[in-house]
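Asks: Taking numbering that gives the first Met the number 0, the leading residue of the sequence shown gets 0, the next gets one more, and so forth. All C-beta atoms in this analysis are idealised placements derived from N, C-alpha and C, irrespective of residue type, glycine included. One structure, pasted below without further comment.
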Amino acid sequence: MEENNKYTKDFVLKNGVNFDDLWFTSYSDEILDNPEDEGGKPFTGLAFELFENGNLMYFCLYKDGLAHGLNREFYESGKIKCEEYFKYGLVNGKSVCWHENGNVKSTSEVELSVKLNYKEWDENGKLLIAKELEQDKENAQYVTLLKRREINRNLGRE
0 MEENNKYTKD
10 FVLKNGVNFD
20 DLWFTSYSDE
30 ILDNPEDEGG
40 KPFTGLAFEL
50 FENGNLMYFC
60 LYKDGLAHGL
70 NREFYESGKI
80 KCEEYFKYGL
90 VNGKSVCWHE
100 NGNVKSTSEV
110 ELSVKLNYKE
120 WDENGKLLIA
130 KELEQDKENA
140 QYVTLLKRRE
150 INRNLGRE
């Protein structure tokens, strides 16, 4: 997490690219540095968007056009709203969201954008939801996870 502390607003603005200056491909969620018809290449780097008040809305790291690394969202006030990690365009690892008062709103462990577990609390810290992924071949989310694991294995992305 120490490495993540370097992502101050000043650092992001100095080292990142405003998402408004990037482009989506016409065929996927891949992000390009320029329009396709102008020879756009998959974007690698730090991208961000701002609220009208100038505060960060979010920033995300990209590799070869796909979200890959830290993604952090903010409230308009500037407080952190959510933090998660991407791997080849899919959420992977621990995801945490906070209420604007600073209390934890939710946590989850995620693999290939499938939640393995999830907990949610109200603004006062009362646990509202706690659930685990049912590892049952009748469960569509579990089947999706198995398919994504196989695809990633075949692509050498383990």
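Would you tell me roughly how many angstroms separate the C-alpha atoms of leucine 55 and leucine 49, rounded to the nearest one?
Replies: Going by the C-alpha atoms only, they are around 4 Å apart.
Asks: Among Leu21, His98, Asn116 and Glu83, whose alpha-carbon lies nearest the alpha-carbon of threonine 43?
Replies: Here the closest residue by C-alpha is Leu21.
Asks: Quick one, are the C-beta atoms of tryptophan 97 and lysine 80 less than 8 Å apart?
Replies: Yes. Within cutoff.
Asks: Per DSSP, what kind of secondary structure is lysine 78 in: helix, strand or coil?
Replies: Lysine 78: coil per DSSP, three-state reduction.
Asks: I think glutamate 29 touches leucine 65, with their Cβ atoms under 8 Å apart; what is that distance to the nearest whole Å?
Replies: Yes, they are in contact, since the Cβ atoms of glutamate 29 and leucine 65 sit about 6 Å apart, within 8 Å.
Asks: Tell me the rounded alpha-carbon separation between isoleucine 150 and lysine 136.
Replies: Rounded to whole angstroms, isoleucine 150 to lysine 136 spans 17 Å at the Cα level.
Asks: What are the boundary residues of the beta strand (DSSP E) that lysine 130 is part of?
Replies: Here the beta strand (DSSP E) through lysine 130 covers 126-131.
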